[in-house]
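In the order they appear, the protein sequences are chains A and B. Just so we're aligned: 44 in the working numbering is position 18 of the first sequence, and the numbers increase by one with no gaps anywhere. Just so we're aligned: 142 in the working numbering is position 130 of the second sequence, and the numbers increase by one with no gaps anywhere. Glycine included, every Cβ here is placed at the ideal spot set by N, Cα and C. Read through the structure below, which is laid out as structure tokens, and then see the notes.
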Amino acid sequence: MRQTILRPADALQTAEIIARAAAENTPLEIRAGGSKQAFGRPVDAAHTLDLTHLAGILDYEPAELFISAKAATPLAQIREEIEAHGQMLAFEPPDWRTLLQAGGEPTLGGTVACNLAGPRRVRAGAARDHFLGFSAIDGRGDLWKAGGKVVKNVTGYDMCKLQAGAFGTLSVLLDCTLRLLPKPETSRSVIYFGLPDEEAVRVMAQALNSPHEVSAAAHLPAPISARASAAPDFPLDKSVTVLRLEGPRPSVAYRVEMLEAWHRPGLQLGEAESERLWLEIGSVQKFLGGTGSILWRVCTSPSAAPSVLHNVRNQIDGAEGFYDWGGGLLWIEIDPSVTDAGESIVRQAILRSGGHATLMRAGAGQRARIPVFQPLAGPLEALTRRIKNGFDPHGILNPGRMQQGI
Amino acid sequence: MLMPLPEESILARRAEIVAALRRIVPGEGVIDSKAERRAYECDALTAYRALPLVVVLPETTEQVVAVLRYCSEAGVKVVPRGSGTSLSGGALPLEDAVLLAMGKFKRILDIDIENRCVVVQPGVTNLAITHAVQDQGFYYAPDPSSQIACSIGGNVAENSGGVHCLKYGLTTNNVIGIEFITIEGEVIRVGGKHYDAAGYDLLGVMVGSEGLLGVVTEVTVRILPKPPGARALLIGFPSIEQAGDCVADIIGHGIIPGGMEMMDRAATHAAEAFVHADYPLDAEALLIVELDGCVAEVHHLVDAVEGIAAAHGANSVRTSHSEEERLLFWAGRKAAFPAVGRLSPDFYCMDGTIPRRRLSEVLLRIRQMEGQYGLRVANVFHAGDGNLHPLIMYDANKPGELERAEEFGNDILRLCVEVGGVLTGEHGVGVEKRDLMGTMFNEIDLNQQQRLKCAFDPQSLLNPGKMFPQLCRCAELGRVHVHGGQMRFADIPRF
């Protein structure tokens with residue numbers, strides 16, 4: 027069959043294409059910028075539904091703290107617009123293009139569909155927490171909407187949560203409304219060198235538990251800590267634990283002082299250096315992800331993260347990792363020659379502490395063979411399949427992207 | 013408001029159903045007598061009452077599983093209930109349904125400071141969570157007015173808010189894991205102490221599902237370190253417009269207060285007469301702005317907000333200088349509902365959300381409607397997030413007044429939707445706003461919501477008659493329809 031790229035000009039054409047695909051049982055791979063196409067299982071579809079033309083900001087009212095835009099609007103365009111008004115997407119969506127070895131523009135719809143979250147996850151949540159409303163087309167070709175443009179809204183089921191992180195397998199997003207927050211006036215980071223992993227995670231937990239409003243906490247074990255380009259004077263042989271504080275200038279100055287008095291003085295990074303370092307931590311590839319390597323993204327109880335990483339490292343030679351979200355997010359790099367990309371070892375390591383592991387980067391062949399997302403089982407899997415079937419009864423929207431048949 | 017007609021066949025099987033439930037939950041856990049069932053006939057939306065078929069109070073997850081499995085197999089409807097504080101009739105019983113009351117699930121299971129979370133059973137009250145961790149400097153952020161009584165399970169069902177959710181989020185942003193039981197009696201756990209969960213965000217879907225998708229048996233909540241300081245400002249304005257502009261300007265300055273509440277003249281007077289907080293009685297609009305954080309931040313923001321208030325023509329600004337004074341500022345706002353209750357035999361509390369900038373226009377239109385309906389309204393308003401609570405005063409003993417109050421309320425909610433807002437900000441749809449769903453959603457939108465319901469509860473046994481104007485017809489929705497022969501866009505490549 028000839029590979030076709032379908033590039034609708036508007037919502038109606040999109041609906042028409044999907045309705046026709048439904049009638050003919052023809053699976054579609056959904057894409058906008060294509061920057062996250064390698065995130066998830068490879069989709070088994072001969073045709074691509076390319077939403078590039080569905081772009082543009084629809085409604086932005088700074089005082090109301092929201093923005094509505096068509097799904098394929100580049101994130102860069104949204105950032106430019108809202109930053110001009112001193113606002114931000116508080117969940118700090120990371121840029122994974124280098125990590126995923128992809129070109130293309132990250133878009134609003136893709137960011138929501140993959141439920142991205144950056145280092146500020148510990149305070150501000152993920153895309154799901156800021157997703158207020160949308161319109162979309164389901165797998166029948168029916169146009170529908172849910173949510174609204176206000177933060178406080180409990181009218182009906184929270185369908186935004188269902189769409190965020192569904193990787194386009196339930197409906198194709200046409201436009202999205204997201205909550206915005208004021209960008210903090212300034213930010214600064216405090217760095218401690220040489221903490222062993224367990225102690226670093228303890229310090230991060232205590233810092234996040236302190237009233238000093240730490241907005242991000244990461245730990246980079248040596249030697250990968252030295253790969254940061256943000257701060258050329260990081261020692262080669264010492265781990266780096268970073269805590270970020272944001273807010274009004276007098277408040278940040280005061281809290282940095284309090285934090286250092288509480289723990290001990292560290293190295294302070296000013297606003298520009300701090301911002302650069304956190305961009306690098308969010309986008310990962312500066313620290314991990316050398317050519318061809320396997321990357322796992324593991325979410326477990328923060329306090330259990332060091333033992334999870336040690337467990338994996340004990341079993342896989344050369345495995346490396348670092349911690350974000352105060353330990354709640356663990357990135358692990360593994361050599362591509364390891365059997366099953368280390369799946370059984372990684373997933374076994376979180377069995378007791380709970381959570382989930384995602385095969386974030388691997389070749390398409392491996393991502394087709396090895397469950398990319400934590401496998402579902404029992405009643406949860408059955409329920410998930412019923413939901414998929416309800417919205418996409420013909421199985422034509424990104425089939426197999428999340429799990430076999432989902 | 014019409015509820016579905018009770019099924020005669022179920023009513024006829026009452027004795028058999030009671031006996032079956034007694035086999036699952038022994039002793040006093042099954043409430044059968046009419047007098048005792050009477051205590052459960054309504055929630056906080058007291059205008060609607062129905063005697064439940066039978067009340068069951070399980071004590072263990074296994075019992076919940078067995079009750080639901082029995083009901084599913086026997087085709088008996090189930091209405092879940094927490095503390096019964098819903099303002100939208102979410103826990104209104106049905107005469108042909110088992111009322112599943114979760115009040116005995118009262119244990120705090122795990123306080124995990126290191127991972128900043130607490131695991132509780134659903135019958136634990138909202139405030140009890142904060143009480144359990146406050147000695148260690150933590151609190152649970154969502155704080156609905158009913159927090160002393162409402163259960164965390166009910167908060168999950170309703171996605172409850174409170175005055176602090178502008179800065180700290182709703183229930184959905186503060187719950188990180190749940191265990192729930194499907195109507196078929198299957199135990200499903202989503203989330204936990206870790207961030208997010210694999211697969212679709214079923215945790216996000218369960219929060220705010222009003223007891224229509226499953227029965228929650230365990231909740232893991234995020235706790236937050238208590239801000240070291242908080243000060244409140246009490247600002248009086250000569251007009252609603254000026255107060256509204258001040259709110260917009262505070263946010264425009266990049267300030268997200270811990271809480272930002274507005275009261276109109278009627279609500280201010282009622283509250284002042286009730287708690288004597290020394291509220292300015294000459295104000296047309298009273299704004300309470302709470303700023304929290306470290307000492308330096310609070311100091312900095314108080315200065316900024318005082319300046320903004322002055323620039324918008326505030327005729328009084330008072331800033332709290334002690335914790336007692338801060339709490340006094342709040343006392344009137346927190347007592348606004350009972351305070352209005354003293355002015356009128358009954359009142360009806362509405363809950364729409366509007367874009368902030370439309371506030372003065374909406375309040376003006378409500379004032380016009382007061383004349384039209386011959387009923388008075390006091391307004392309290394979560395100004396920061398646009399959530400409006402008009403309190404319509406009426407007397408249920410006067411024939412026709414309740415109906416008039418409801419019609420008035422419906423008009424207010426239609427107005428909220430008309431200006432770009434929504435029907436309910438935090439109280440839920442329940443039975444109260446069920447028939448207005450069509451003002452926000454068309455049939456296709458509602459069908460999608462029903463499809464989600466069908467995936468969880470194909471027989472439509474859980475809390476029927478709530479949230480949706482029509483009962484769910486899963487078989488019909490599941491039918492695949494084919495859009496044939498509609499070639500509207502001949503230029504698009506064919507497959």
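* What are the start and end residues of each continuous alpha helix (DSSP H) run of 4 or more residues lying completely inside the region 308-387 of chain B, in chain order? -> Counting only runs of 4+ residues, the alpha helix (DSSP H) found wholly inside the region 308-387 of chain B occupies 335-346, 348-355, 371-385, in chain order.
* Asked: Looking at C-beta atoms only, is the number of pairs between the region 172-187 of chain A and the region 466-477 of chain B that lie closer than 8 Å three or more?
  -> The region 172-187 of chain A is not in contact with the region 466-477 of chain B.
* To do: Kindly indicate which three-state DSSP category GLY241(B) falls into: helix, strand or coil?
  => strand
* Proximity test, Cβ basis, 9 Å: TRP351(A) and chain B -> yes
* Asked: At a Cβ threshold of 9 Å, is VAL494(B) touching chain A?
  -> Any reading at VAL494(B) needs caution, since the residue's pLDDT is 43, under 50, leaving its predicted position unreliable; the model's value is listed next. With 9 Å as the cut-off, VAL494(B) counts as an interface residue toward chain A.
* To do: Assess, as a yes-or-no matter, whether the region 18-29 of chain B is touched by the region 71-88 of chain A under the definition of 3 or more beta carbon pairs within less than 8 Å.
  => no
* Asked: Quick one: which chain A residues come within Cβ less than 7 Å of ASN409(B)?
  -> Here the premise fails: no neighbours, minimum Cβ distance about 32 Å.
* To do: Report yes or no: is there a C-beta of chain B within less than 9 Å of the C-beta of SER327(A)?
  => yes
* Asked: For ALA78(B) versus ARG93(B), is the C-beta spacing smaller than 9 Å?
  -> One thing to note: ALA78(B) has its Cβ no nearer than 9 Å to the Cβ of ARG93(B).
* the region 300-311 of chain B: positions lying closer than 9 Å to chain A by Cβ -> GLY305, CYS306, VAL307, ALA308, GLU309, VAL310, HIS311
* Asked: How long is the line joining the alpha carbons of VAL8(B) and GLU191(B), rounded to whole angstroms?
  -> Since the first residue of chain B shown is 13 and the last is 507, residue 8(B) is not available in this structure.
* To do: Quickly, what does DSSP pair SER215(A) with across the bridge? List them, please.
  => By DSSP's assignment, SER215(A) forms a beta bridge with ARG270(A), LEU295(A).
* **ALA394(A), enclosing alpha helix (DSSP H) - first and last residue** => DSSP places ALA394(A) in the uninterrupted alpha helix (DSSP H) bounded by 390-395.
* To do: Establish whether the CB of ASN179(A) and some CB of chain B are separated by less than 9 Å.
  => yes
* **Partner residues on chain A for MET449(B), Cβ-Cβ distance less than 8 Å** => THR181, GLY182
* Report the neighbours of HIS382(A) on chain B: residues whose CB is nearer than 9 Å to its CB, in chain order. => Within 9 Å Cβ-Cβ: HIS206, ASP208, ALA209, ALA210, GLY211.
* Leaving out five residues before and five after ALA144(B) in sequence, what residues of the same chain have Cβ atoms less than 7 Å from its Cβ? -> So the list reads ILE120, ILE123, VAL130, once near-sequence residues are dropped.
* **Own chain residues within Cβ distance below 8 Å of GLY165(A), not counting five before or after** => ILE44, ALA48, LEU196, SER197, PHE417, ASP418, PRO419, HIS420, GLY421, ILE422, LEU423
* Would you say CYS361(B) faces chain A, with C-beta separation under 9 Å as the test? -> It does not; no Cβ of chain A falls within 9 Å.
* Give a yes or no on whether the minimum CB-CB distance between SER221(B) and chain C is below 9 Å. => Judged by its chain identifiers, the structure shown contains no chain C, and its protein chains are A and B.
* Rounded C-alpha distance that separates PRO244(A) from ASP208(B) -> One point to set straight first is that residue 244(A) is Ala, not Pro, in the sequence displayed. About 18 Å.
* How would you label ALA375(A), buried or exposed, when you count the other beta carbons within 10 angstroms and need 16 or more for buried? -> buried
* Asked: Distance, Cα to Cα, GLY497(B) vs ILE432(A)?
  -> Note that GLY497(B) scores a pLDDT of 39, beneath 50, so its modelled location is shaky; the value from the coordinates is reported in the next line. Using only the alpha carbons, I get a separation of about 28 Å.
* To do: Could you name the residues of chain A that GLN461(B) contacts, counting a contact when the two beta carbons are closer than 8 Å?
  => ALA172, GLY182, TYR183, MET185
* In the DSSP assignment, what are the bridge partners of LYS89(B)? -> ALA109(B)
* Can you check the region 178-218 of chain A for any beta strand (DSSP E) of at least 3 residues that lies completely inside it and give the ranges in chain order? => 197-205
* Any idea what DSSP makes of ARG290(A), helix, strand or coil? -> coil
* Asked: Hey, is ARG214(A)'s beta-carbon within less than 9 Å of any beta-carbon in chain B?
  -> no
* In angstroms with no decimal places, state the Cα-to-Cα distance between LEU403(B) and LEU435(B). => 15 Å
* On the DSSP bridge assignment, give the partners of TRP322(A) in chain order. => ILE358(A), LEU385(A)
* **Meets three-Cβ-pair contact criterion under 8 Å: the region 109-120 of chain A and the region 50-58 of chain A** => no
* What residues match up with SER363(A) in a beta bridge as DSSP calls it? -> Answer by DSSP bridge pairing: none, since SER363(A) is not bridged.
* Starting from TYR218(A), find everything on chain B with Cβ-Cβ shorter than 7 Å and list it in chain order. => Simply none; closest approach about 18 Å.
* Asked: Cβ of CYS325(A) within 9 Å of Cβ of HIS333(B)?
  -> no
* Answer yes or no: do TRP322(A) and MET386(A) have a C-beta to C-beta separation smaller than 9 Å? => yes
* Asked: Taking SER98(B) as the reference, which of GLN148(B), LEU178(B), GLU336(B), ASN167(B) has the closest Cα?
  -> ASN167(B)
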